[in-house]
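Q: Here it is: the structure, laid out below.
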Amino acid sequence: LFAEAFFASQIDLSQSLLIRTEFSVFTDSIIGDNFLKDIPAYFSLNELSLTYVGNLGTISQLASVFIGETDPIGSDLFLRRLFGLPSFTSRILETSQSLSSAQLYPMSGLGASYTLKATDNFATALYFYYNKLNIASSIPGDDDNTSLNIDARFAGAWPWLIFDLSAGLTLPFEKYDADDEEVILLIRKADFHAGLSLFVGSSYTSSFLLQAGLIKLVFSPNPNLNEEIITLKDITLLVEPRFKTKNLGIAFSLFNIPPQVAQKLFYIENPLGVNVSLFYNTFANLGFQGEIGVHTTFSVPESTFAVTADDLVIQIAPYIKADIGGGSLSAAIKCKVLDFTSLDAAIESTSLSIGYKAQL
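Below is the structure:
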């Protein structure tokens, strides 16, 4: 049994200046040999940002400085904040550690951004940030932990089409030159990365969601470091068609996500697999919003095509949600059905999640 929580706030200092903060806390297992003693807990600063909002004629502009994540690719937070859209994120990417859904492509560090919203439908942004400090980053190597990142972003929103595209370069810093002499700053290479969210349809009707990310493309791989131009682990993908009637819906998801992202999720435990979710708005006639459904997930522990039947993990997770007291109460139970070989194994293979989100 684990505990997770997050807090997010926005403080408007004036009509043109605002501060956003978000932090999360999660613990080790609360149930152990002695649950009365202190339990290790971990604090994470997800976002601390200062944003100026102004106008250039009919064009809106936003200039920000930030620490941590900032409107990450793979989350719909950027589009929701800029265009006022309802959430269209996948149910399988929901997390209790952040205001946004889990991102498929990490964009975090210490930096600045500048955004222009030219019309009601289109926006563009530039990001400059140092380091990749997010635990969700799957980029290996010490050089990637001391790097400058430059990203360009383009987003558009129309009634039946939404897209969010980002592409940029990672410039790793080195401290020693070819003669092994220490230098102040040396950049030998530039690696490419990109991310995309594409949503066709409406959150209230049948729709199609595509999210993809290229975490690292090495232009000049170093064979001495076993570098490759690109690997399957560097590609993140979520393909999700959704079919919905008035109250009943079904979604099919094909995913390949970083292992560090999968560890933060409840309905996904492994990086590569497929998910089928069936959901029903069973509380519509009672005067409040709610949902009941079930997730069935087939996954394997590594992002590779060399898998066997023994690697397969099958999970079934029924859940329920209800808007109560100004917030959203959710509960889910997850079972690894192939591990039900005995009563003890069944207990070990079953997880329970209970959460509550409220906007104060």
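Taken in order, the sequence shown gives residues 3 to 362; the numbers are from our numbering. Using N, Cα and C, we set each Cβ at its ideal position, and we do this for glycine too.
On the three-pair Cβ rule with 8 angstroms, is the region 244-254 touching the region 122-132?
A: Short answer: they don't touch.
Q: Sort out for me which residues DSSP pairs residue 53 with in a bridge.
A: Partner(s): 20, 66.
Q: Assuming the contact rule is C-beta atoms closer than 8 angstroms, residue 94 and residue 332 should be a hit. Round their C-beta distance to whole Å, please.
A: With 8 angstroms as the limit, residue 94 and residue 332 do not qualify as a contact, their Cβ atoms being about 14 angstroms apart.
Q: Please list the terminal residues of the continuous beta strand (DSSP E) segment that includes residue 317.
A: Where residue 317 is concerned, the enclosing beta strand (DSSP E) stretches over 315-326.
Q: Just how far apart, CA to CA, sit residue 88 and residue 161?
A: When rounded, the distance between both Cα atoms is 11 angstroms.
Q: For the alpha helix (DSSP H) holding residue 263, just list the boundary residues, first then last.
A: Note, residue 263: alpha helix (DSSP H), 261-264.
Q: For my contact list, residue 20 and residue 53 are in at a C-beta cut-off of 8 angstroms; report their separation, rounded to the angstrom.
A: Contact flag correct, Cβ pair sits at about 5 angstroms.
Q: Counting along the chain, where does the beta strand (DSSP E) carrying residue 347 start and finish?
A: Run containing residue 347: none in the beta strand (DSSP E); it sits in the alpha helix (DSSP H), 345-350.
Q: State yes or no: is the C-beta of residue 167 within less than 8 angstroms of the C-beta of residue 211?
A: Not closer than 8 angstroms, so no.
Q: On the DSSP bridge assignment, give the partners of residue 243 in chain order.
A: 210, per the DSSP bridge assignment.
Q: Does residue 338 come out as helix, strand or coil in the three-state DSSP assignment?
A: Of the three classes helix, strand and coil, the one that applies to residue 338 here is strand, per DSSP.
Q: On the three-state DSSP scale, how would you describe residue 87?
A: Reduced to three states, the DSSP call for residue 87 is coil.
Q: Which residues does DSSP pair with residue 162 in a beta bridge?
A: Bridge partners of residue 162: none, in fact.
Q: Could you check the C-alpha separation between residue 269 and residue 319 for me, to the nearest Å?
A: Going from the Cα of residue 269 to the Cα of residue 319 covers about 7 angstroms.
Q: Please report the Cβ distance between residue 316 and residue 340, rounded to the nearest whole angstrom; I am assuming they are in contact, meaning their Cβ atoms lie under 8 angstroms.
A: Indeed they touch by this definition, with Cβ atoms about 5 angstroms apart.
Q: Taking 7 angstroms as the limit between beta carbons, can you name the residues of its chain near residue 163, skipping five residues before and five after?
A: 202, listed in sequence order.
Q: Is it right to say residue 253 is buried, meaning 16 or more other beta carbons lie within 10 angstroms of its own, or is it exposed?
A: Residue 253 should be labelled buried.
Q: Where residue 231 and residue 110 are concerned, what is the direct C-alpha to C-alpha distance, given to the nearest angstrom?
A: Rounded to whole angstroms, residue 231 to residue 110 spans 23 angstroms at the Cα level.
Q: Comparing C-alpha positions only, which one of 221, 323, 208, 249 sits nearest to residue 173?
A: Nearest C-alpha to residue 173: 221.
Q: Taking a contact to mean a Cβ-Cβ separation below 8 angstroms, would you say residue 272 touches residue 302 in this structure?
A: Yes; because the gap between Cβ atoms is below 8 angstroms, this pair is in contact.
Q: Over what stretch of residues does the beta strand (DSSP E) that includes residue 119 continue unbroken?
A: Looking at the DSSP string, the run of the beta strand (DSSP E) that includes residue 119 is 110-119.
Q: Quick one: what does DSSP say residue 191 is sitting in, helix, strand or coil?
A: Residue state, collapsed to three classes: coil.
Q: Whole angstroms are fine: how far does the CA of residue 153 sit from the CA of residue 58?
A: Their Cα atoms are separated by approximately 23 angstroms.
Q: Looking only at C-alpha atoms, which of 55, 208, 325, 177 sits nearest to residue 117?
A: Among 55, 208, 325, 177, the Cα nearest to that of residue 117 is on 55.
Q: Note the first and the last residue of the continuous beta strand (DSSP E) segment covering residue 258.
A: Taken as a continuous stretch (DSSP letters only), the beta strand (DSSP E) holding residue 258 covers 250-258.
Q: When you compare the CB positions of residue 23 and residue 43, do they come within less than 8 angstroms of one another, or not?
A: The answer is no: Cβ separation not under 8 angstroms.
Q: Between which two residues does the beta strand (DSSP E) harbouring residue 274 extend?
A: Per DSSP, residue 274 belongs to the beta strand (DSSP E) from 274-282.
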